[in-house]
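**Student:** In numbering that gives the first Met the number 0, the protein residues as written are 0 to 152. The beta-carbon is built from N, C-alpha and C at its ideal position, and this holds for glycine as well. Dropping the structure in here first, questions after.
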Amino acid sequence: MKIAESLKKECILPDLEARNKVDCLMEFASCISSHLPGLAKDEVAHLLLDREKLGSTGIQDGVAIPHAKIKSLDHLVLLFGRSLTGIDFQSFDNKPTHLFFVLLVPEETTREHLKMLARLSRMLKKAPLREKLLQAKNVKEIYEILCEEDKKL
């Protein structure tokens with residue numbers, strides 16, 4: 000599954016307002032509930048926060064991939080957000096997180112979920128890509144960078 004199939008431009012937040020983990024996840028939940036009315040903001044936020052209690056999805060190098068399984072969802076949904084100032088996401092390297100991919104999947108899905116997590120992880124290991132995403136000027140540019148990089152995988 001390609002990123003362009005799951006990520007819509009309206010689900011790209013180029014300048015997150017949040018300054019902490021909870022507010023960050025709430026901001027993503029608010030975004031997705033406004034674009035998929037069947038998803039309740041509180042439900043999405045609760046599921047993302049519950050997943051974080053198991054261990055931070057902040058990996059390293061300023062990247063986090065929060066994810067959750069949602070019963071009422073019938074397809075994989077991807078959101079992207081960027082915090083230029085950085086957010087303490089309790090990452091493994093204890094550095095601020097700047098780039099966020101939020102992955103929401105149907106409850107029964109395992110294979111798609113794991114494939115997308117692996118795809119994102121491979122992509123985001125590349126320092127030049129992370130730098131391009133931080134330097135991008137707008138949503139359109141972020142989307143184009145991600146789609147172009149995804150074609151290389």
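What are the residues that DSSP puts in a beta bridge with K68?
**Tutor:** For the purposes of this step, residue 68 is identified with residue 69 of the sequence shown, where counting begins at 1. K68 pairs with V104.
**Student:** Mark G57 as exposed unless 16 or more other C-beta atoms lie within 10 angstroms of its C-beta, in which case mark it buried.
**Tutor:** To locate residue 57, count along the sequence shown from 1; it is residue 58. When all chains shown are included, G57 counts as buried.
**Student:** When you compare only the Cα positions, how much space is there between I31 and L38?
**Tutor:** The residue you call residue 31 lines up with position 32 of the sequence shown. The residue you call residue 38 lines up with position 39 of the sequence shown. If you take the alpha carbons of I31 and L38, they lie about 7 Å apart.
**Student:** Using 8 Å for Cβ pairs, my map puts P127 next to F99. What's the rounded Cβ distance?
**Tutor:** Within the sequence shown, the letter at position 128 stands for residue 127. Within the sequence shown, the letter at position 100 stands for residue 99. With a Cβ gap of about 19 Å, P127 and F99 do not count as contacting.
**Student:** Alpha carbon to alpha carbon, how far is A17 from I86? Give it in angstroms, no decimals.
**Tutor:** Taking the sequence shown and counting its residues from 1, one reaches residue 86 at position 87. Taking the sequence shown and counting its residues from 1, one reaches residue 17 at position 18. Going by the C-alpha atoms only, they are around 8 Å apart.
**Student:** For the pair the region 45–62 and the region 75–93, tell me if three or more CB-CB distances fall below 8 Å.
**Tutor:** Taking 8 Å as the limit for Cβ pairs, the verdict is that the region 75–93 does touch the region 45–62.
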